[in-house]
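Below: the structure, in structure tokens.
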Amino acid sequence: MEIAIRPDTEAACSLVAAIIAKAVRAKPDLVLGLATGRTMERLYARLAEMHRDEGLDFSRCRTFNLDEYIGLPVEHPGSYRYYMNQNLFNHINIDPANTFLPDGMAADIKAGCAAYEDKIAGCGGIDLQLLGIGADGHIGFNEPLSALRSRTRDKTLAEPTVKVNSTLFDNPDDMPRRAITMGVGTILDARSAVLLATGKSKAGIIAQAVEGPVTSMVTASALQFHPRCRVILDEDAATELRHQDYYRWVFEQDPDWAEYRAAAQG
Ligand code: GLP
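Positions in the sequence shown are counted from 1; adding 367 to them yields our numbering.
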């Protein structure tokens, strides 16, 4: 794991946008894993700006989202398809036919989950998986006790997740209690992963995920197994990390971060 602590949310989002942009430029038909949630909104706005102002080209990219609610039609404003269209896809030049989310309306959910795994494999696997983190440490919707080798499947959402995420619905009762999510194993198969977390409310769970033991009770901790995982934080989300000085030292020294350090200094 590599940790980058940036001065504020804007800088953290800009760094993740720069990582994604570099990957897209290096491989125009990149297979990009995407995430939802409030944290990603500023990042997606930044990617839309980079498309508009710098011509960042998504025309050959394929995208796979981590998860989708079960039983919400795609046109429902609470669905993740709706979120992705509103926050990203409508603002960049991606071909909508190349954007994939699990089908939460499938008549046969299990078959749909297997088909999603096949589709990812058929595209050659995910090159770069973007991740947020839930209050209970979930990645995707891999709630506590999710097997660390799990694949795409349906899950019951934990109560704290329902509490937090239902505030995004006009009518909180509309929020489904079940969702389809890539498994922890699916996520770990991505060739690289970038987790973005901002704000004080994430500080405790980030410390558990990064510095705590690997446990299915905090599925983000499984990223400690990933050979190429970067965790990008703002100062607020980093406050409970015990070894901040070490992470800052590495960020300043490591050649892999050099171009991003230079960009941050303008
Ligand atoms: C949802 C998504 C997660 C995301 C989490 C964090 O639960 N399934 O993939 O990481 O929200 O959301 P936020 O950024 O709003 O804190």
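Cβ coordinates follow ideal geometry from the N, Cα and C atoms, glycine included.
Fair warning: this is a prediction, and the values are worked out from it, not measured in the lab.
Unbroken alpha helix (DSSP H) run spanning residue i, endpoints
i    : result
K477 : 476-489
E369 : Careful: E369 lies outside any alpha helix (DSSP H), inside the beta strand (DSSP E) at 369-373.
D462 : Here D462 belongs to no alpha helix (DSSP H), and DSSP marks it neither H nor E.
N532 : 526-532
E607 : Per DSSP, E607 belongs to no alpha helix (DSSP H) and is neither H nor E.
A631 : 625-631
H418 : 405-421
R516 : Here R516 belongs to no alpha helix (DSSP H), and DSSP marks it neither H nor E.
G552 : 551-555
V617 : 611-620
Residue i beta carbon near the ligand GLP (any heavy atom closer than 7 Å)
i    : result
N532 : yes
R429 : no
R597 : no
M542 : no
L433 : yes
G579 : no
R405 : yes
F508 : yes
I500 : yes
T528 : yes
A481 : no
A402 : yes
Distance, residue j Cα to residue i Cα
i    : j    : result
I387 : Y483 : 23 Å
E626 : L439 : 42 Å
R347 : V581 : Residue 347 lies beyond the range of the chain shown here (368 to 633); nothing can be said about it.
K394 : M451 : 22 Å
I370 : R615 : 8 Å
L399 : C596 : 14 Å
D623 : V561 : 14 Å
H458 : M417 : 10 Å
G507 : P527 : 15 Å
A402 : A474 : 24 Å
F592 : L497 : 16 Å
P539 : S568 : 21 Å
M549 : L433 : 5 Å
C480 : S513 : 16 Å
Y449 : E442 : 6 Å
F536 : P444 : 8 Å
Close-in-space but distant-in-sequence residues of the same chain around residue i (CB under 7 Å, 5 per side omitted)
i    : result
A379 : R373, L563, T565, I599, L600, D601
A390 : L397, D494, L495
A589 : L515, V551, L555, V581
L524 : F508, E510, R544, R545, A546
Q611 : I372, A605
S381 : R413
Contacting residues, own chain, Cβ-Cβ under 8 Å from residue i (five flanking each side not counted)
i    : result
V529 : M542, R544
H585 : For the sequence presented, residue 585 should be read as Val rather than His. So the qualifying residues of the chain are D503, G504, P511, I572, Q575, A576, G579.
R419 : H458
Close beta carbons around residue i, own chain, < 6 Å, minus the five adjacent residues each side
i    : result
A360 : The shown model of the chain, from 368 to 633, leaves out residue 360, and the question about it has no answer.
P469 : E435, Y483, I547
N465 : R429
L414 : A384
T553 : R518, T519
L455 : Y411
A574 : E607, L608
A587 : I500, G504, I506, A576
Paired residues, beta bridge with residue i - DSSP
i    : result
C596 : A560
Y436 : A546
Q634 : The structure shown does not extend to residue 634, since the chain is modelled only from 368 through 633, so no value can be given for it.
Q496 : G400, A560
R429 : V398
D601 : R373
V585 : T582
F467 : F431
Unbroken beta strand (DSSP E) run spanning residue i, endpoints
i    : result
K522 : 520-523
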